[in-house]
Ligand code: BGC
Ligand code: ZN
């Protein structure tokens with residue numbers, strides 16, 4: 268069957284012939300791939316800075332943001348049947364008995380580093396016609412989310428981040444503001460800033476909004492632009508760093524309780540860290556490529572983080588509960604902002620367009636490859 272992958276030893280990105288997968292265990296299922304989203308990680312793998320083929324294979328099939336349809340289930344599969352829509356998780360556990368995270372289905376917090384990731388690290392991905400997966404790594408998706416479910420995986424970044432924010436902020440009396448009630452969400456009365464307006468930033472802003480945060484998005488492009496329009500239409504406020512300095516930004520925003528970084532650029536991230544508010548939490552999600560060192564005001568930042576009780580969290584990958592929260596929240600987004608949500612997917616392309624999508628200039632918001 269057709270697949271798109273990289274051959275790192277030859278520095279090639281290619282349309283490959285990949286063998287049809289077979290069910291090998293009673294809890295596995297065979298899935299027909301419907302759509303696969305493309306992200307910065309895929310593009311980075313195509314620059315050969317990242318990404319490793321499975322042992323003994325010269326190529327790695329790409330793709331970790333997938334939506335599929337169950338074709339066939341092993342005899343011990345429960346809760347799934349042919350025709351069901353599913354979204355797979357990305358990371359697979361390391362083999363070590365002494366890794367408490369992987370033994371507890373929390374490979375997103377693997378302690379050994381010997382995990383694998385589909386389409387990224389030592390396990391083939393989903394940018395192919397069909398794949399086999401264990402039921403433990405698949406999530407059922409309601410049929411009415413079919414047109415947007417390829418966004419589940421990029422939304423899990425925000426879901427895992429928020430799960431940690433709630434845990435970390437339990438250190439404070441971070442209850443809802445006076446006069447707010449629980450139905451306004453756990454972020455009611457709090458201000459969040461999203462850095463970056465790519466898919467992870469936009470989906471993150473949506474998640475923050477439904478949790479009640481007053482949400483600002485600070486991103487480079489001047490207005491008007493489609494991302495700003497989309498964000499302003501859902502009740503976030505887009506502010507361009509090209510036309511609004513950080514000092515002016517802080518004047519508009521006020522005390523910042525939470526920063527959700529989704530830009531993957533060190534300079535702006537460490538600049539914004541300087542304006543994080545009292546008792547604030549700053550979540551890093553971007554994975555910048557290695558670059559030359561830049562100066563930061565290390566002592567001032569250290570003094571600030573201590574004197575202001577701030578928490579900085581790095582987060583990667585997501586567990587199954589984060590996927591389930593993403594599926595639940597995507598349904599809320601779709602009900603609240605059907606047009607805006609649809610606009611996050613800016614292009615659907617045949618597999619044959621893989622070159623321009625992976626190697627060409629990044630355009631639009633989320634680009635998707637259609638397989639079926
Ligand atoms: C994926 C994660 C993965 C990370 C690092 C991201 O693009 O969404 O699942 O853990 O890359 O490989
Ligand atoms: Zn991704």
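Numbering (the numbering used here), first residue to last: 268 to 639.
C-beta atoms are modelled at their ideal positions from N, C-alpha and C, and glycine is treated no differently.
Since we're looking at a predicted model, the values are computed, not measured.
Would DSSP call residue i helix, strand or coil?
{"i": "residue 592", "result": "helix"}
{"i": "residue 617", "result": "strand"}
{"i": "residue 638", "result": "coil"}
{"i": "residue 345", "result": "coil"}
{"i": "residue 356", "result": "coil"}
{"i": "residue 423", "result": "helix"}
{"i": "residue 535", "result": "helix"}
{"i": "residue 541", "result": "coil"}
{"i": "residue 329", "result": "coil"}
{"i": "residue 502", "result": "coil"}
{"i": "residue 274", "result": "strand"}
{"i": "residue 599", "result": "helix"}
{"i": "residue 312", "result": "helix"}
{"i": "residue 283", "result": "strand"}
{"i": "residue 396", "result": "coil"}
{"i": "residue 578", "result": "strand"}
{"i": "residue 435", "result": "helix"}
{"i": "residue 447", "result": "At residue 447, the pLDDT of 49 sits below 50, so the modelled position is not reliable; the number obtained from the coordinates is stated separately. Residue 447: coil per DSSP, three-state reduction."}
{"i": "residue 373", "result": "coil"}
{"i": "residue 417", "result": "helix"}
{"i": "residue 633", "result": "strand"}
{"i": "residue 388", "result": "strand"}
{"i": "residue 351", "result": "coil"}
For residue i, I'd like the list of residues in its chain whose CB is within less than 6 Å of its CB, leaving aside the five on either flank, ordered along the chain.
{"i": "residue 363", "result": "379"}
{"i": "residue 405", "result": "353 and 355"}
{"i": "residue 615", "result": "635 and 637"}
{"i": "residue 459", "result": "475, 480, 482 and 525"}
{"i": "residue 545", "result": "575"}
{"i": "residue 255", "result": "Given a span of 268 to 639 for the chain in the structure shown, any question on residue 255 remains unanswerable."}
Taking residue i as part of the beta strand (DSSP E), name the residues at either end of that continuous run.
{"i": "residue 405", "result": "405–408"}
{"i": "residue 385", "result": "383–385"}
{"i": "residue 456", "result": "Segment: none, residue 456 is in no beta strand (DSSP E) and carries neither H nor E."}
{"i": "residue 486", "result": "481–486"}
{"i": "residue 527", "result": "525–528"}
{"i": "residue 548", "result": "548–551"}
Among the residues of its own chain, which have a CB less than 8 Å from the CB of residue i, if the five just before and after it don't count?
{"i": "residue 276", "result": "325"}
{"i": "residue 517", "result": "523 and 542"}
{"i": "residue 530", "result": "462, 463, 465, 468, 486, 536 and 553"}
{"i": "residue 279", "result": "273"}
{"i": "residue 611", "result": "415, 418, 466, 469, 470, 497, 632 and 633"}
{"i": "residue 580", "result": "428, 431, 432, 435, 548, 549, 550 and 551"}
{"i": "residue 350", "result": "336 and 337"}
Which residue comes first and which comes last in the alpha helix (DSSP H) that contains residue i?
{"i": "residue 303", "result": "Looking at the DSSP string, residue 303 is not in any alpha helix (DSSP H); the run it does join, the beta strand (DSSP E), is 295–305."}
{"i": "residue 289", "result": "No alpha helix (DSSP H) contains residue 289, which DSSP labels as neither H nor E."}
{"i": "residue 518", "result": "513–520"}
{"i": "residue 334", "result": "Counting along the chain, residue 334 falls outside any alpha helix (DSSP H), though it belongs to the beta strand (DSSP E) covering 332–340."}
{"i": "residue 611", "result": "605–611"}
{"i": "residue 567", "result": "565–574"}
{"i": "residue 474", "result": "466–477"}
{"i": "residue 368", "result": "367–370"}
Could you tell me whether the Cβ atoms of residue i and residue j are closer together than 8 Å?
{"i": "residue 422", "j": "residue 608", "result": "no"}
{"i": "residue 473", "j": "residue 506", "result": "no"}
{"i": "residue 510", "j": "residue 550", "result": "no"}
{"i": "residue 393", "j": "residue 330", "result": "yes"}
{"i": "residue 633", "j": "residue 418", "result": "yes"}
{"i": "residue 626", "j": "residue 313", "result": "yes"}
{"i": "residue 438", "j": "residue 390", "result": "no"}
{"i": "residue 401", "j": "residue 584", "result": "no"}
{"i": "residue 386", "j": "residue 328", "result": "yes"}
{"i": "residue 481", "j": "residue 488", "result": "no"}
{"i": "residue 397", "j": "residue 288", "result": "yes"}
{"i": "residue 629", "j": "residue 310", "result": "yes"}
{"i": "residue 559", "j": "residue 533", "result": "no"}
{"i": "residue 341", "j": "residue 290", "result": "yes"}
Leaving out the 5 sequence neighbours to the left and right, which residues in its chain are closer than 7 Å to residue i when beta-carbon positions are compared?
{"i": "residue 446", "result": "Any reading at residue 446 must be qualified, since the residue scores a pLDDT of 41, below 50, and its modelled position is unreliable; no value is offered."}
{"i": "residue 538", "result": "513"}
{"i": "residue 395", "result": "268, 269, 270, 285, 300 and 328"}
{"i": "residue 444", "result": "Per-residue confidence for residue 444 stands at a pLDDT of 49, beneath the threshold of 50, marking its modelled position as unreliable; the derived number appears in the next sentence. Contacts found: 455 and 456."}
{"i": "residue 366", "result": "377, 378 and 379"}
{"i": "residue 613", "result": "631, 632, 633 and 634"}
Does residue i have its Cβ less than 8 Å from a Cβ in chain D?
{"i": "residue 364", "result": "Of the protein chains in the structure, only one exists, and it is not chain D."}
Three or more C-beta pairs closer than 8 Å, one from the segment 353–368 and one from the segment 326–339: is that the case here? Cβ pair count under 8 Å is three or more, so yes.
Could you check whether the segment 280–296 touches the segment 343–351, counting it as contact only if at least three pairs of C-beta atoms, one from each stretch, sit closer than 8 Å? Yes, since at least three Cβ pairs between the segment 280–296 and the segment 343–351 fall closer than 8 Å, the two stretches touch.
At a cut of 8 Å, does the segment 454–468 reach the segment 520–535 through at least three beta carbon pairs? Yes, the segment 454–468 is in contact with the segment 520–535.
Taking one C-beta from the segment 425–438 and one from the segment 584–594 each time, how about it: are there three or more such pairs within less than 8 Å? Touching, yes.
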